[in-house]
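Asker: This is the structure I have questions about; it appears just below.
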């Protein structure tokens, strides 16, 4: 366990892991910075299996001038040679300097054949004073 402060926010890293050679298990991973949390588990035996849940309600605590919130999940599977995964993110009221995005929906997938798909939808896109639509 590690505890401290980063950018004035309480920071915690907790992990329970065990392994040797090519067999590893992370039974618990908990990362917190301020109000933001990433939690997950994972294992690598003959197959890869893992998940991360992201709950980032105050992005400004992670990076100065960044605003908004993001929630999501990453699922991992497959093997080290042919990893597979799915990512789903939902964001709202995102902003960095003069760039704004009211809502973001992102999904990504890497399948067993190593084909990747990515879908991104943004609503309320604004760069400075220019509204760009969806």
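Residue numbers (the working numbering): 5 to 138.
We put the beta carbon where it would ideally sit given N, CA and C, even for glycine.
1. Run through the DSSP bridge pairs and tell me what residue 135 is partnered with.
2. Would residue 128 and residue 107 be called neighbours here (beta carbons separated by less than 9 Å)?
3. Which whole-angstrom value is the C-beta distance of residue 124 and residue 110, which I expect to be below 8 Å?
4. Measuring straight from C-alpha to C-alpha, what distance separates residue 71 and residue 95?
5. In its own chain, which residues sit with a C-beta less than 8 Å from the C-beta of residue 30, not counting the 5 before and 5 after it?
6. Leaving out five residues on either side along the sequence, give the residues of the same chain with a beta carbon under 6 Å from the beta carbon of residue 41.
7. Cutting at 8 Å between CB atoms, please list the residues of its own chain near residue 51, excluding the five before and the five after it.
8. Could you tell me which whole beta strand (DSSP E) segments of length 3 or greater appear in the region 50 to 109?
9. Run through DSSP, which three-state label would residue 23 get?
10. Please report the distance separating the alpha-carbon of residue 13 from that of residue 134.
11. Quick one: residues in its chain with C-beta nearer than 6 Å to the C-beta of residue 91, no 5 flanking neighbours on either side, listed in chain order?
12. Give the straight-line distance between the Cα atoms of residue 11 and residue 131, rounded to the nearest whole angstrom.
13. Can you have a look at residue 38 and say buried or exposed, based on whether 16 or more other CB atoms are within 10 angstroms of its CB?
14. Where does residue 41 fall in DSSP's three states?
Answerer: Taking the definition as stated:
1. 130
2. yes
3. 5 Å
4. 10 Å
5. 19, 20, 21, 44, 45, 46, 47, 54
6. 59
7. 81, 82, 83
8. 52 to 60, 70 to 82, 87 to 100
9. strand
10. 34 Å
11. 78, 112
12. 27 Å
13. buried
14. strand
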